[in-house]
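J.: In the working numbering, the protein residues as written are 1 to 598. Glycine residues also receive a C-beta, built at the ideal position from the N, C-alpha and C atoms. This is the structure, below, for whatever I ask next.
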Amino acid sequence: MSRLRKSLVLLRAASRLSPRMALYMARRVARNKLAVRLPSAYRERLATIKRATPEMGHGKPLTPAVLEAASFYGAEYRDQIDSVLAGRVRLHGREIDFGSPSDIDWKRYLPDEGDHQMWRVKLGHMGFLSPMLAEGGPEHHAAAARAISGFRERTLVTDPGSFNAYWFPYGVSHRILALTSGLLLARAKKGLAPEIDALVSDFLRENIAFLMDNVEHELCNNHVERNLAALSLYFSQVDKVPPPIAARLERDIAHLVSHTILPDGAQVERSPMYQGLSVVSLAVMAETPFLSADLRETLARKLEAARLAFAVLCHPDGEVALFNDSWHEEVPRLSGPRAPEGRSILEHGGYARLSHEDDVCLLDAGPLGPRWNPGHGHADFLSIEITLGGQRLIVDPGTSRYNTGPERARERSAEAHNGPVWAGHEPAEFLGCFKVGRMAEARLAPTEKLPDERTISGVFRSAAGRTARLVRLCPGAGFLVADLWDGAEPRGQVSWLFPEVWEIEPASERRFLLRHAAAKATACIEVLSDGEVEVPRASFCASHYGRRDPAFELRVRPHTADGRQHLLCWIGHAPPPPEALADCGMLARQLEALVEAA
């Protein structure tokens, strides 16, 4: 990308900041510079806030929110609390042996992570200390204390770069949630040594002081959500909340939920993974006793809606869909109520779902993200994911990294996704890790314009033209996927991506039979309309951060008729049954009507 184009992207991104966000961004830049140049002054500022921060009280009953927060970190880390005793920490599938908890290198730099050191940031969350305190014995408690003492010895809040690593406000929020929930459970079991309790409590006050001074209003969205959840959990445990703090949290939480949790419960950034984090945050905030009754009632309603939205965005395996910035094992698997059978629509979130038993299709037909900060969005307009018989078949390319580079650019591009795209045309502009210039938005088709509850659809308009996708469930058999490009040029294409665990065997030029090597499941992908079908080729997908797994890509280009491009594909357990073939003409007419109305 040329320097001029980069400047234009930055200008477009900056132009969408609200005055409030711009003010906080300027404050953040000033803090980053002044804290390093005047370290004693900034440390004294935080010490003053800490002195005014009350300590957590003792003897308060454990609330469901405390248990949910502890369970959140326990689900990810309880299986490695013995490893941490020896100084071994595993994050994002990569284990590093530091020798002992006291010697953890909180500044560890990983060259392959470039300009976004996600492993180091997650290390600073200290999530693994929560189950060590809550579920471990005296030796685990002592190891947690040594890790905290080592952190204090080896890091300073005024170190250059600290605000993007171990004192990153988002990471500090996770640290507060992890240590507060772990400490409270340890206290309830009455097995925590007083000196360790005092150490953890004092360290928590340091983190609270920092976060009170650095709520990320410049980024908004899930960052502020995590900031406010951490503050809510901590101050829920003090004997008396200072009135200015209570008033501030009332105001900030009300603003947050009105702007970032949509009426259907979807989080505004539209990431299924962040949706799971929102459930935990809302559960904490909904139980905050010093908030007004009206706000707590609003939070309870939002929480109920967010739980349902999370269920809609999960597959039968309990893990999230991989749209936008999402990956597995960052949030606990879905364990509560499942999404209802049949059709589910998140009208405001821009997602639609069809399901029958363990067959599920999810459609992304919404905006890139919130206008003010769409940094987690991907150009996955009208993309789908399909699970057949409980096994994921059609997958999203996922997110393997946040750092700038060709892999990040590729994973966010329209070409990497399976929506109906115009070859050679990218509808959105991405720069670096999270900056977005030109935006775009798909829209769900109104349900009243669809033939029945077995159908979902969306329309997308870009500079290249209009496209539309319609998916129809054939219960027990599979899914019909119909696509339309409203124009003969540029050439359209669809790329079906499926994990390498599926072995593929061509049955004809247009029909491909698949066999799941582990589950002994079978599937069939067949192109039912004219067009160009390429030979399946090797590719990659990412269901976990920090790694890419082998996959196959089947690329199909539609045929042109009457100045439009049409494509019809079958994705099912076996070749399409007669009733599915009988629906093809109806689907084509339906798509044309949707495009004309768009």
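If you measure between the beta carbons of L17 and W372, is that distance less than 9 Å?
T.: Cβ atoms of L17 and W372: closer than 9 Å.
J.: Would you grab the beta carbon distance between G350 and L444 for me? Rounded to a whole angstrom, and I think it's under 8 Å.
T.: So it is a contact: roughly 6 Å between Cβ atoms.
J.: For E503, tell me which candidate among A145, E509, A517, G432 has the shortest Cα-Cα distance.
T.: For E503, the nearest C-alpha among the options comes from A517.
J.: Identify whether W502 lies in helix, strand or coil by the three-state DSSP scheme.
T.: W502: strand per DSSP, three-state reduction.
J.: With distances taken Cα to Cα, identify the nearest neighbour of I196 among L133, D103, R469, M212.
T.: Looking at the Cα atoms, L133 is the closest of the given residues.
J.: Could you give the distance in angstroms between the alpha-carbon of G424 and the alpha-carbon of A416?
T.: Roughly 12 Å between the two C-alpha positions.
J.: Strictly by DSSP, which residues pair up with E509?
T.: Answer by DSSP bridge pairing: none, since E509 is not bridged.
J.: According to DSSP, is Y402 helix, strand or coil?
T.: Residue state, collapsed to three classes: coil.
J.: Secondary structure at T560, three-state DSSP: helix, strand or coil?
T.: T560 falls in the strand class under three-state DSSP.
J.: Which word fits V535, buried or exposed, when buried means at least 16 other C-beta atoms lie within 10 angstroms of its C-beta?
T.: That one is exposed.
J.: Run through the stretch 116-158 for me and flag every whole beta strand (DSSP E) of 3 or more residues, listed as ranges in chain order.
T.: DSSP runs (the beta strand (DSSP E)) wholly in the stretch 116-158: none.
J.: How far does the beta strand (DSSP E) with V215 in it extend, from its first residue to its last?
T.: Segment: none, V215 is in no beta strand (DSSP E) and carries neither H nor E.
J.: Using 8 Å as the cut-off, can you tell me whether the stretch 346-364 makes contact with the stretch 467-474, which would need three or more C-beta pairs spanning the two stretches below that distance?
T.: Yes, the stretch 346-364 is in contact with the stretch 467-474.
J.: Between the stretch 521-537 and the stretch 561-575, are three or more C-beta pairs nearer than 8 Å?
T.: Short answer: they touch.
J.: Per DSSP, which one or two residues make a beta bridge with G465?
T.: In DSSP, G465 forms a bridge with S462.
J.: When the Cα atoms are used, what is the spatial distance from A13 to A477?
T.: Roughly 45 Å between the two C-alpha positions.
J.: When you compare only the Cα positions, how much space is there between R205 and R154?
T.: So the alpha carbons of these two residues sit roughly 18 Å apart.
J.: Any idea if Y109 is buried or exposed, counting beta-carbon neighbours within 10 angstroms, 16 or more meaning buried?
T.: Y109 comes out exposed.
J.: Would A144 be called buried (16 or more neighbouring beta carbons within 10 Å of its own) or exposed?
T.: Answer is buried; the Cβ neighbour count reaches 16.
J.: Whole-angstrom Cβ separation of A230 and L249, contact assumed at under 8 Å?
T.: The Cβ separation is near 11 Å, so there is no contact.
J.: From the DSSP output, read off the bridge partner residues of Y351.
T.: Paired residues: L346, D364.
J.: Hey, how far is the Cα of T180 from the Cα of G191?
T.: Those two C-alpha atoms are separated by around 16 Å.
J.: Have a look at D105 and G99 and give me their C-alpha separation to the nearest angstrom.
T.: About 10 Å.
J.: Below 6 Å CB to CB, which residues in the same chain sit around R408 once its five sequence neighbours on both sides are set aside?
T.: The residues are R401.
J.: If you draw a straight line from the alpha carbon of R43 to that of S162, how long is it in whole angstroms?
T.: Near 13 Å, if we compare the C-alpha coordinates of S162 and R43.
J.: How many whole angstroms separate the CB atoms of L322 and G398, which I take to be in contact at a CB cut-off of 8 Å?
T.: Rounded, the Cβ-Cβ distance is 4 Å, consistent with contact.
J.: Is the separation between the beta-carbon of V481 and that of I345 shorter than 9 Å?
T.: Against a cut-off of 9 Å, the Cβ pair of I345 and V481 comes out as no contact.
J.: Can N222 and P272 be called in contact, C-beta distance under 9 Å?
T.: Not in contact: N222 and P272 (Cβ atoms no closer than 9 Å).
J.: Roughly how many angstroms separate the alpha carbons of A414 and T63, rounded to a whole number?
T.: Their backbone Cα atoms lie some 44 Å apart in a straight line.
J.: Please classify H376 as buried or exposed, where buried requires at least 16 other C-beta atoms within 10 Å of its C-beta.
T.: Per the 10 Å Cβ criterion, buried.
J.: Determine the DSSP secondary structure at G74, reduced to helix, strand or coil.
T.: Of the three classes helix, strand and coil, the one that applies to G74 here is helix, per DSSP.
J.: Nearest-angstrom Cα distance between D213 and P169?
T.: D213 and P169: Cα-Cα distance of roughly 10 Å.
J.: Look at the alpha carbon of R515 and the alpha carbon of F498, and state the distance between them as a whole number of angstroms.
T.: Whole-angstrom Cα-Cα distance: 11 Å.
J.: Alpha carbon to alpha carbon, how far is F540 from S201? Give it in angstroms, no decimals.
T.: One C-alpha to the other measures close to 45 Å.
J.: Measuring only the C-alpha atoms, how far is D239 from R31?
T.: One C-alpha to the other measures close to 32 Å.
J.: Alpha helix (DSSP H) containing G531: first to last residue?
T.: Counting along the chain, G531 falls outside any alpha helix (DSSP H), though it belongs to the beta strand (DSSP E) covering 531-533.
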